[in-house]
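Protein chains in written order, with the numbering used here: chain V, 1 to 503; chain B, 1001 to 1313; chain D, 2001 to 2318. Contents: one structure, followed by commentary.
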């Protein structure tokens, strides 16, 4: 009897030791992301961050940093391989090549897993709207990489505005008009609004602010219609056309290449821009860094702007994400899939987010008395070096779907970064007013085949209208051209998809 | 034959080419116009590059505010410091030189052998091979099948062969070289083969020495092609960072310095914007000056082919 | 039987004689065949093996499924392309640009090479040559930037024309100037580099011919016409024939940089369209289909021009 018990006990001990050893084996996950840190090579040996990740998740992470230039081509060629990286970052989630690949079964369908809040709490906490935006035929194939939203807006030169007699906050569209007119009057050689050959962003900001939909809208009958058919769209164009007429926009703005766009403001040739809000602090920092004697805040971003009826509508520059992380079916078996998802879930949690975005305490950042992340001056070089060697571009794997859960938070007021702080808060403030494109999750074959050309017809006509080259009849003629060349077809296809999804 | 005329102060090398020594009034006027015109054209072609060099040493402020200048008011080496801050650039340089030298050698060997063989009209099957070459100039499988062959079938990923072999022969270049070989008088080669030379011997002893300008020209074209190439390295050597040529690194640098274009939204608060515009200029200087200096060295091969008098015997 | 075929038969013999002659020829030229080996292997492996990919033009190619596993769609992409009415505009724009390129850019390096060749002072000639090809190394992005600085509304050329003509010409946005700007930029950028090959060809001219001609009393221009030009004629003809194969090529990066809302009607070419609708979005099948159409047209043009060259007594490709 004793012998039997002893035997049983030893077998049990042996089994538990074996399972313990088996559990000890780290699960290797290969990841491919684009690389932005170029001056220092990524170091894998003795990388404390990798060690920490393995300790926390049992995953041995193998990062493959490839050229950010031509990353799209690299993704395509990687998909031809027999053993592609298990996780792959994709920068354009709606590219036809990705959509086709997903439909052909290249990536794992994650819809049911994401809904599983018990096993993957952080993945499930992501925004339903953004998940919907990256869905293909109603199924979700990747975890999106969350980005600042809505990001687009209006900024202007605070000092010039004050001098021109505008000394208040822009709270309504009328305020904006007043500001623009005052800036236009500053001098004959300068302009109020900085526009260049890329006019789409500017047009979108003002038309949506006036109430137009974002590319596609839904009318009272529940049908899809294109943005240019809404009266608010024409109102927005007219606003720009009026500004052009009073000399508020460079008459030859169309010739200005996008590479020169920033220079116009840096030269003091124009004082306002409808584009990405983060450009405001970028310009501010350029002035502080390159122009002598600049210490005060030169630029100001505009918050929510109300229409006559008091409502606010804002055009979002993105759809809440910039690309996604996909799981390649060829290299991840069905039984390994939950392990990979568990890891991705961890990446979206507080610990994962902090490590991927900021690194490790004592290695790439330190914590001050208030509990914020910062880098003390004497450790700046060390932190920078460590960051480049060990952290490299881990943030490219960062998804952040449940929102910013980093702990500890980064300290923001390092001197004159009022604009940076304002940027983070402004995005939160504007987010509820962002107008999304209801057709974004759908695929229209016409849009794939000739969408770029059709969009060009509309934008070109709008630009010519603003510059006074064509009048309203010319504009309507262009819209008819758009309709016959495929616009009506596109509308019908989106309508069909939209109604199908409503059921 | 170049005659050297010594004048009181210096020796002028005057070629006895199409100009010769007799010069009528009309000839003189033409000469003056020619020199003036060519000088003006050369000035227009060189001025923008002078601006680029100047801008690479200028501050961001100056580039943004002065439309065109040649000497910066405030000299700044920030762009070069940014580029050379890592030894990766030096590594890229060495890789590029290695790839260019080896690649050009492979190019010339493959191109010349094929061009010479196909320049002989007596070769049976010649038309077949020529058609094969011509068709390949216009029909192509595209990037992905190319990738499948080189990376998946031949397994050349992350090796130098993946950038040295795929461009080994440019059909266009080969056809022109073949054309050159065909213009060499038959008699020269016949007299050599009568003396017992094989085809290969004729190639090495007679044809190649006569074709130095052609070899120099296409050697230069191939070399420049290798030096400027980046796409092949980018997709075939994506995991072999230590083998990357200069161009790939420099192109990435430009994207990086153009901070707003890169996906830096989650960027850390410590991120400092690199000097964007001057870096773009400095990148051009760093990547083009080395290869631009190659041609002057090759110019000595562009002398008269040793044809004079060869036939008179 | 045609005379050529009859000739060939006479040379090569028939029946048993044919095989004997063939064997002799192969033996006689064995070294030449050996020299051919590297080149032929190269073309087979790197050019013909990947040609299986042309099949992609008839599929909805997805890299994951591979060439064999992707869905067959037949002529769908071709139908899609011709179904969009603007294709005629793209083709027209492409052809006009190509023709202008042929007329104005093609002769430029030849003329420049001839002018350089007329220079006596070798040192200066070499310096000029080096200066002339510098633009080849400047990326087209910078070239367009510089063009904007000079021809844009605050540029010096713009202001000069405004003064001289009384009214300004909007070089950068007018549809009428677009094509000339493209050609002008191409000429400025590539002419210098293009002279290299002609200068190499010109070194083959027998200098004694010049002396003999001068003794006979031939002037500068006649020497150029009768001695210099013929020396490079076969090179010019060959390059011209090969150039025919690029009639449908315009490239896209240069044009996209110069295109804007005002000149859209003339700046949209086949390559721009294929880039925007195909390559940019990773639609390899679509791009491959259009590429296939272009290839067929290119080869046809090349073979036709080669025939024309033959008829004019030139050696041509073969």
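Virtual Cβ for every residue (Gly too), placed ideally from N, Cα, C. Predicted model only: the values in this text are computed from it and were never measured.
Under 7 Å Cβ to Cβ from residue i, same chain only, skipping five residues before and after it: list those, please.
i	result
residue 1224 (chain B)	1291
residue 213 (chain V)	227, 230 and 435
residue 562 (chain V)	The question about residue 562 (chain V) has no answer, for chain V in this structure spans 1 to 503.
residue 2021 (chain D)	2012 and 2013
residue 2177 (chain D)	2169 and 2171
residue 380 (chain V)	none
residue 35 (chain V)	65, 66, 67, 68 and 393
Got a sec? Which residues, its chain only, sit under 6 Å from residue i by beta carbon, not counting five neighbours each side?
i	result
residue 1100 (chain B)	1223, 1226 and 1227
residue 1078 (chain B)	1275
Thinking C-alpha only, which one of the options is nearest residue i?
i	options	result
residue 430 (chain V)	V:451, V:315, V:72 and V:443	V:315
residue 463 (chain V)	V:70, V:241, V:378 and V:350	V:241
residue 197 (chain V)	D:2208, D:2264, D:2318 and D:2286	D:2264
residue 101 (chain V)	V:141, V:130 and V:115	V:141
residue 2078 (chain D)	D:2313, D:2015, D:2163 and D:2278	D:2278
residue 520 (chain V)	V:334, V:330 and V:394	Past the edges of chain V, shown from 1 to 503, lies residue 520 (chain V), and the structure says nothing about it.
residue 523 (chain V)	V:496, V:428 and V:401	An answer regarding residue 523 (chain V) cannot be provided, because it is not within the stretch 1 to 503 covered by chain V.
residue 337 (chain V)	V:108, V:54, V:47 and V:43	V:108
residue 2213 (chain D)	D:2224, D:2173 and D:2121	D:2224
residue 498 (chain V)	V:471, V:440 and V:485	V:440
residue 78 (chain V)	B:1049, B:1084 and B:1150	B:1150
residue 2108 (chain D)	B:1244, B:1229, B:1159 and B:1038	B:1038
residue 254 (chain V)	D:2259, D:2274 and D:2198	D:2259
residue 310 (chain V)	V:210, V:399, V:84 and V:86	V:210
residue 2050 (chain D)	B:1145, B:1040 and B:1159	B:1145
residue 1212 (chain B)	D:2202, D:2291 and D:2221	D:2202
Which residue marks the beginning of the alpha helix (DSSP H) containing residue i, and which one marks its end?
i	result
residue 2221 (chain D)	2220-2223
residue 1096 (chain B)	1088-1119
residue 2177 (chain D)	2175-2202
residue 2128 (chain D)	2122-2132
residue 525 (chain V)	Residue 525 (chain V) lies beyond the stretch modelled for chain V, which goes from 1 to 503, so this question has no answer here.
residue 2302 (chain D)	2284-2311
Please list the terminal residues of the continuous beta strand (DSSP E) segment that includes residue i.
i	result
residue 145 (chain V)	142-146
residue 276 (chain V)	270-276
residue 1153 (chain B)	First-last for residue 1153 (chain B): undefined, no H or E at that position.
residue 29 (chain V)	27-35
residue 224 (chain V)	224-226
residue 59 (chain V)	59-67
residue 325 (chain V)	321-327
Excluding sequence positions up to five away, which residues of its chain have a Cβ less than 8 Å from the Cβ of residue i?
i	result
residue 1220 (chain B)	1294, 1295 and 1298
residue 367 (chain V)	361, 373, 374 and 408
residue 245 (chain V)	468
residue 504 (chain V)	The structure shown does not extend to residue 504 (chain V), since chain V spans only 1 to 503, so no value can be given for it.
residue 2167 (chain D)	none
Could you list which residues in chain E have their beta carbon closer than 9 Å to that of residue i, in chain order?
i	result
residue 266 (chain V)	The question asks about chain E, but that chain is absent: this structure's protein chains are V, B and D.
4-residue-minimum alpha helix (DSSP H) runs that sit fully inside the segment 1044-1072 of chain B, ordered along the chain:
1060-1065
Got a sec: which bits of the segment 2228-2260 of chain D sit with their beta carbon under 8 Å from any beta carbon on chain V, in order along the chain?
2257 and 2260
Give me the subset of the segment 52-78 of chain V whose CB atoms are less than 7 Å from a CB atom of chain B, sorted by chain position.
64, 66, 67, 68, 69, 70, 73, 74, 76 and 77
Unbroken stretches of the alpha helix (DSSP H), 4 residues or longer, contained in the segment 117-165 of chain V:
121-124, 128-133 and 158-164
Taking any Cβ of chain V, which residues in the segment 1050-1064 of chain B have a Cβ under 7 Å from it, in chain order?
1059, 1060, 1061 and 1064
Near-chain D residues of the segment 1144-1169 of chain B (beta-carbon distance less than 9 Å), N- to C-terminal order
1144, 1145, 1146, 1147, 1148, 1149, 1150, 1153, 1154, 1165, 1166, 1167, 1168 and 1169
Any C-beta of chain V within less than 7 Å: which residues of the segment 2142-2165 of chain D qualify?
2144, 2145, 2148, 2152 and 2153
Given a limit of 9 Å on CB to CB distance, which residues of the segment 2010-2032 of chain D reach chain V?
none
Give me the subset of the segment 236-263 of chain V whose CB atoms are less than 9 Å from a CB atom of chain D, sorted by chain position.
Flagged, chain order: 250, 251, 252, 254, 255, 256, 257, 259 and 260.
Short of 9 Å Cβ to Cβ, which residues in the segment 1230-1243 of chain B face chain V?
1230, 1231, 1233, 1234, 1235, 1236, 1238, 1239, 1241 and 1242
Could you please tell me which residues of the segment 186-198 of chain V, in chain order, have their CB closer than 7 Å to any CB of chain D?
Per Cβ criterion, the list reads 197.
Contained alpha helix (DSSP H) runs [length at least 4] in the segment 2029-2099 of chain D, N- to C-terminal order:
If one requires a minimum length of 4 residues, the alpha helix (DSSP H) runs lying completely within the segment 2029-2099 of chain D are 2030-2042, 2066-2069 and 2076-2083, in chain order.
Taking a cut of 8 Å between CB atoms, which residues from the segment 1069-1093 of chain B lie near chain V?
1085, 1086 and 1088
Of the residues that make up the segment 1173-1205 of chain B, which ones have a beta carbon closer than 8 Å to any beta carbon in chain D?
Taking 8 Å as the Cβ-Cβ cut-off, the segment 1173-1205 of chain B approaches chain D at 1174, 1175, 1176, 1179, 1180, 1182, 1183, 1198, 1199, 1200 and 1203, given in chain order.
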